[in-house]
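Encoded as structure tokens, the structure appears first; notes follow it.
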Ligand SMILES: [Zn+2]
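In this note's numbering, the protein residues as written are 18 to 396.
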């Protein structure tokens, strides 16, 4: 039995409050999912992610396949056990990294042949192989193998790319359904299984996006993602594609926009009716000294913070803000101490997760006005 989607309410703006019942966690949505590329949300230990309220995190199939290898992870009981994360997880298909990181790729109907960005060794990713790897990793949600269309791409290129993605979606689903019993935790959760999401592609072309959505819905996935965004296109275009696709997706299944965004973006897309989002921005920005706060963005490396005894964000009660000063965080960045990246990441993740929690309470409040909804960032 795949995930159960419990829709609690839909606001006038389209924003949805829902619960996604997964084997390892009931996830309250809209949800922001921290990215744990190599089986770790960079620089932040799992117990702190739990304290911050992270409900579900991502793992990257391409990276974990190359190192330490999916069979090794399977032999250790799956990714949850391997990294000691008891809550929900989602793995991507590996497609995005194959296309963005690997060398000498060769695209065929069968799949993609590529050389590892680590040692140049030769590998092949097909829909079937991506499913085998994701089943071995054992995340609660897996993603169909797709080709992420680059930006800009002309219409012929976007259509050709979509042709692969649609054929691969059907093969992913068939192989997944036939082999999902091989998940390391089979039978541990009263018949609950992994779920598989289809990914809507089509570049920035509305008719290709519509075709993609309609065909995926006919295939009957457990949820739907909108991929191929945040690839360098202007934000107006991102919003247009999301607005085009959302109404075509079933109301009774989760909707996931991949790879977005800044805090104001995740709020905006949640308002439009997106249930799930993930992004490396909070942790990547943190390692470069960029903090998201209730007063806006703050570059903690700036000289003005050298003797500032205040916490990074006076409105935040995260473990970083309740203990450390701006002056100390700046010192850690100046000296290149790894603790700086850790403390900054903890705050930024707290900011993202608290933003979503604030949005939940606004959506749960029946008298919420659209204006109040628009501003959970200024709480
Ligand atoms: Zn904080």
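Glycine residues also receive a C-beta, built at the ideal position from the N, C-alpha and C atoms.
Between which two residues does the beta strand (DSSP E) carrying residue i extend?
i: residue 140; result: 139-142
i: residue 112; result: First-last for residue 112: 112-118, but that is the alpha helix (DSSP H), not the beta strand (DSSP E).
i: residue 212; result: 212-217
i: residue 242; result: 240-243
i: residue 108; result: 105-108
i: residue 350; result: Segment 343-351 is the alpha helix (DSSP H) holding residue 350; no beta strand (DSSP E) there.
i: residue 273; result: 272-274
i: residue 160; result: 158-160
Identify the continuous alpha helix (DSSP H) that holds residue i and give its terminal residues.
i: residue 90; result: 87-92
i: residue 357; result: 355-381
i: residue 254; result: 252-262
i: residue 289; result: 280-289
i: residue 185; result: 172-196
i: residue 97; result: 96-100
i: residue 266; result: Taken as a continuous stretch (DSSP letters only), residue 266 belongs to no alpha helix (DSSP H), as it is neither H nor E.
Which residues in the same chain as residue i place their Cβ atom closer than 6 angstroms to its Cβ, once the five residues preceding and following it in sequence are excluded?
i: residue 396; result: Bear in mind that a pLDDT of 47 at residue 396, under 50, signals an unreliable position, so the number given afterwards is only what the model happens to contain. Correct list, in chain order: 375.
i: residue 345; result: none
i: residue 320; result: none
i: residue 170; result: 220
i: residue 352; result: none
i: residue 328; result: 338
i: residue 43; result: 36
i: residue 111; result: 78, 79, 142 and 147
i: residue 304; result: 358
i: residue 209; result: 18 and 40
i: residue 178; result: 164 and 166
i: residue 25; result: 34 and 35
i: residue 211; result: 159, 197 and 200
Would you list the one or two residues that DSSP bridges to residue i?
i: residue 130; result: 123 and 141
i: residue 295; result: 50
i: residue 38; result: 21 and 43
i: residue 309; result: 314
i: residue 233; result: Residue 233 pairs with nothing; no bridge assigned.
i: residue 78; result: Per DSSP, none; premise fails for residue 78.
i: residue 300; result: None; residue 300 has no bridge partner.
i: residue 73; result: 105
i: residue 27; result: 33
For residue i, collect the residues of the same chain with a Cβ closer than 7 angstroms to its Cβ; drop the 5 residues on either side in sequence, then sort them by chain order.
i: residue 377; result: 34 and 45
i: residue 373; result: 47, 48 and 49
i: residue 22; result: 35, 37, 269, 270 and 271
i: residue 86; result: none
i: residue 188; result: 144 and 145
i: residue 306; result: 316, 317, 318, 350 and 361
i: residue 280; result: 309, 368, 369, 372 and 394
i: residue 167; result: 248
i: residue 101; result: 63
i: residue 244; result: 163, 165, 216, 217, 218 and 275
i: residue 134; result: 118, 119 and 120
Using CA coordinates, which residue listed in the options is at the minimum distance from residue i?
i: residue 109; options: 132, 214 and 63; result: 214
i: residue 282; options: 253, 118, 117 and 207; result: 253
i: residue 290; options: 298, 263 and 303; result: 263
i: residue 311; options: 59, 267, 330 and 298; result: 330
i: residue 159; options: 134, 115, 20 and 25; result: 20
i: residue 119; options: 130, 180 and 24; result: 130
i: residue 137; options: 211, 205 and 83; result: 83
i: residue 147; options: 168, 88 and 176; result: 88
i: residue 105; options: 237, 380, 95 and 81; result: 95
i: residue 326; options: 206, 298, 341 and 334; result: 341
i: residue 164; options: 123, 72, 355 and 193; result: 123
i: residue 324; options: 333, 348 and 314; result: 348
i: residue 191; options: 237, 133, 314 and 244; result: 237
i: residue 67; options: 151, 212, 366 and 322; result: 366
i: residue 398; options: 75, 149 and 267; result: Nothing can be reported for residue 398, as the shown portion of the chain is limited to 18 through 396.
i: residue 273; options: 107, 127 and 60; result: 107
i: residue 126; options: 98, 239, 113 and 162; result: 162
i: residue 75; options: 53, 116, 81 and 59; result: 53
i: residue 258; options: 117, 223, 140 and 382; result: 223
If we cut at 8 angstroms on Cβ distances, does residue i have a partner in chain B?
i: residue 235; result: You won't find chain B in this structure, because it holds only one protein chain.
Go through its chain and collect everything with a Cβ distance to residue i's Cβ below 8 angstroms, but skip five positions before and after it.
i: residue 265; result: 227, 230, 231 and 234
i: residue 91; result: 153, 154, 155 and 201
i: residue 65; result: 336 and 363
i: residue 287; result: 32, 47, 294, 373 and 376
i: residue 98; result: 201
i: residue 314; result: 307 and 308
Exercise for review: May I have all residues whose beta carbon comes closer than 6 angstroms to any heavy atom of ligand 1, sorted in chain order?
Suggested key: Cβ-based neighbours of ligand 1 within the cut-off: 329, 330, 333, 335, 337, 338, 364 and 367.
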